[in-house]
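The opening position of the sequence shown corresponds to residue 50 in this note's numbering, with each subsequent residue numbered one higher. Using N, Cα and C, we set each Cβ at its ideal position, and we do this for glycine too.
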Amino acid sequence: MNMRELVADVPWWVKWVAVPLIALAIFGGVIVSILSVVVGLLFKVLVFVVVVAALVFVVRKVKESSGPGGRR
């Protein structure tokens, strides 16, 4: 008996309700930890982009204010 025949013999609620719930119960901690790592990395990338953009903005403002007549 192969896997396709085994799955064909079970009711629909076993395939679509019970099996995913069992998988979540067993692998739920792993899924949550992977998601937290991904969200943490995305947050750090977002903070990095904001800090670099702010630095570029400040540098441009300082160069603009000390433009051609600023230093002699």
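- Item | C-alpha distance - residue 104 paired with residue 81, whole-angstrom precision | Pairing residue 104 with residue 81, the inter-Cα distance amounts to about 34 Å.
- Under the three-state reduction of DSSP, which class applies to residue 88: helix, strand or coil? Correct three-state label for residue 88: helix.
- Message: Just to confirm the assignment, what range does the alpha helix (DSSP H) spanning residue 52 have?
- Response: 52–57
- Taking just the CA atoms, how far does residue 112 sit from residue 70? 59 Å
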